[in-house]
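Have a look at the structure below, then the notes.
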Amino acid sequence: MFEQSIATLAQQLRNKEISSVELTRLFLDRIQALDPQLNSFITISDELALQQAKAADTAIANGSSSSLTGIPIAHKDLFCTQDVLTTCGSKMLNNFIPPYESTVTSRIQQAGAVMLGKTNMDEFAMGSSNENSFYGAVKNPWNLNKVPGGSSGGSAAAVAAGLAVAATGTDTGGSIRQPASFCGITGLKPTYGRVSRFGMIAYASSLDQGGPMAKSAEDCAHLMQAMAGFDDKDSTSSETPKEDYLANLNAPLAGLKIGLPKEYFGDGLDAKVADTIMAAVKEFEKLGATVKEVSLPNLQLSIPSYYVIAPSEASSNLSRFDGVRFGHRCDDPKDLLDMYTRSRAEGFGTEVQKRIMVGTYALSEGYYDAYYLKAQKIRRLIKEDFVNALNEVDVIMGPVAPTTAFDLGSKTNDPVAMYLEDIYTLSVNLAGIPAMSVPAGFVDNMPVGLQIMGNYFAEAKLLNIAHQYQQNTDWHLQTPTMAKGA
Amino acid sequence: MSIDKQDVQKIAHLARLALTEEDAVQYQHSLSSVLSLVEQMQSVDTDGVAPLSNPLEMTQRLREDEVTEVNQRDAFLANAPQTEAGLFLVPQVIE
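Respectively, the protein sequence lines represent chains A and B.
At position 148 of the first sequence (counting the first as 1) the number is 153 in this note's numbering, and the numbers step up by one without a gap.
At position 12 of the second sequence (counting the first as 1) the number is 16 in this note's numbering, and the numbers step up by one without a gap.
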């Protein structure tokens, strides 16, 4: 039951083969039995979930249901959920009960989905391993000694282990795609502005984008139907009309032009991961696609550009956590300055404080031109690389990450090594284009994700391409052994 | 690119973060390594390249200056560490 697709479960719900209350209980029981091994949830909203499930059963009985009605899903603990604790993985917000609902979670709720709880994540979405959470590291369901990736590591682990049918994530520099790759699930980072940021706790506002994480491209398409589209409450929301993400899933791929950027297959890429990616590309050739080499010459510069722009925006965004209106306040502040500095030092973890300071430095008097402005100019060069390549081909393919999931604790003492892990994902956020991670095989029993990058607002095309691949492969249907234990 | 302990304390002050001596030493190393990583930008010729702040190069959408939200004062105050008479309470600022 826990391995079924959204479409199958929706059919079973409509046929009254199972009720949403039964389905929700099944997943709540699985969370209770298995999550102690994974730590993928920060909050389990069981009472609310059962209420929503009852309402879904009523809606189904009345014939007014959508494909998400009664489907139990989880939300990354970065989306504000009204009256449900929202921590963003931080001690700073360990008592924060939002008085309002994010647009993404609101739309998914409107579509009738059931919220099981809020998933663990790197604090304020800053991390690539989910080891930066105040609520403890998340374990990879494929090997409990390995990281699930980050920052949406809880969402990825929960979906991979069958603790939720699907989940939401957010992606500022790879935070949907890299954990999806490490946990063997399907994830989509939409075009910047496609999914509303309203009610998402901000990290880097010009890069942040929410998206779906699920077992298959088809399940991601169902979530996108609900979550995507213009929102008046987000000033950078795109007015470009949203597509029908389900309509073209079955379009044939004959004639599809795939570009392979040579910079994605150079030094640093694990040889077995490279072989897995090339085998996936061969599969697309069998489906009628043609392949040519393209170049993204400024790829290496995405790391310095990102690690200036993201911390700069973070230092500004996170200035709101001052111990006055919400969040942690230190004991016995002796004056206002003491309250600010101690509340922030106590509430934020090391990686968050470091990024705030990098950003503060980059934006400070005398350094702005050399850092922030320079990084934004390089950002344009990176965007132009993608625009040029996507003039020659329909989509670009490559690895999501240079390796499979690494061991817990293996990179925590070397933050720069951790940053280099993001080499294949950061540039997509800087350019603002959409990209997916699709399960493409295993190396030493750990999943490998294929990255598919497309043009602005080409989400339906990406989902179509991924769906066709999944019609011809079964990598996305594999289940970790631990998930079968309950 | 390396920075000294005084630089770290200055940045921490600007960021309103209280650092112990021990923290400052640790951050001196980690900030220096990040700044070295980003240093490679300086060798790139970006003359004549316009900075890109929004990937879609959108202009800011404006709306009518009208009240669109309902007053939720009590709901918002409920998350505050300290309140009094409908106001956020902070340590005394003016003697």
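From the three backbone atoms N, C-alpha and C, an ideal C-beta is built for every residue, glycine too.
Nearest to Leu258(A) by C-alpha distance, out of Phe289(A), Thr486(A), Phe101(A), is Phe289(A). Contacts with chain B (Cβ-Cβ distance below 9 Å) from the segment 140–158 of chain A involve no residue at all.
In terms of beta-carbon proximity, Ser6(B) stays away from the interface with chain A, with every pair separated by 8 Å or more. Sequence-distant Cβ neighbours of Lys277(A) in its own chain, meaning closer than 7 Å and more than five residues away, are Val448. Beta-bridge pairing by DSSP links His227(A) to no other residue.
Separation of Ala66(A) and Met218(A) (C-alpha to C-alpha, rounded to the nearest whole angstrom) is 28 Å. Chain B places no beta carbon closer than 8 Å to that of Val398(A), leaving this residue out of the contacts. Closer than 8 Å to the CB of Ile282(A) there is not a single CB belonging to chain B.
The beta carbon of Ala231(A) sits closer than 7 Å to those of Leu73, Arg112, Ile113, Ala116, all from its chain and outside the five residues before and after it, given in chain order. The criterion of a C-beta distance shorter than 8 Å is not satisfied by Asn83(B) and Phe203(A). Here DSSP, grouped into helix, strand and coil, assigns Asp34(A) to helix. Phe46(A): member of the beta strand (DSSP E) spanning 46–49, first to last residue.
Taking a Cβ-Cβ cut-off of 9 Å, the neighbours of Gly198(A) in chain B comprise Asn58, Pro59, Leu60, Met62, given in sequence order. Here Leu413(A) is buried, its C-beta having at least 16 other C-beta atoms within 10 Å. In chain order, Asn469 place their CB closer than 6 Å to the CB of Ala256(A), counting only its own chain and leaving out the 5 sequence neighbours on each side. Annotation: Asp419(A) to Gly260(A) spans about 44 Å, alpha carbon to alpha carbon.
Under the three-state reduction of DSSP output, Phe270(A) falls in the helix class. Bridge partners of Glu88(B) according to DSSP: Leu91(B). Only exposed fits Met6(A), as fewer than 16 other CB atoms lie within 10 angstroms of its CB. Here the alpha carbon of Tyr140(A) sits roughly 8 Å from the alpha carbon of Ser95(A). Per DSSP, Ile361(A) is one residue of the alpha helix (DSSP H) stretching across 355–368. Per the DSSP secondary-structure output, Met120(A) pairs in a beta bridge with Ile78(A). Residue environment: Gly293(A) is assigned as exposed (fewer than 16 neighbouring CB atoms within 10 Å of its CB, all protein chains considered).
DSSP, read as helix, strand or coil, puts Lys287(A) in helix. Neighbours of Arg349(A) across chain B, judged by C-beta separation under 9 Å: Ala19, Arg20, Leu21, Ala22. Using beta-carbon distances, Val89(A) does not count as an interface residue toward chain B, since no partner is under 8 Å. Of all residues in the segment 380–406 of chain A, the ones placed with a Cβ closer than 8 Å to any Cβ belonging to chain B are Ala380, Gln381, Lys382, Ile383, Arg384, Arg385, Leu386, Lys388, in chain order.
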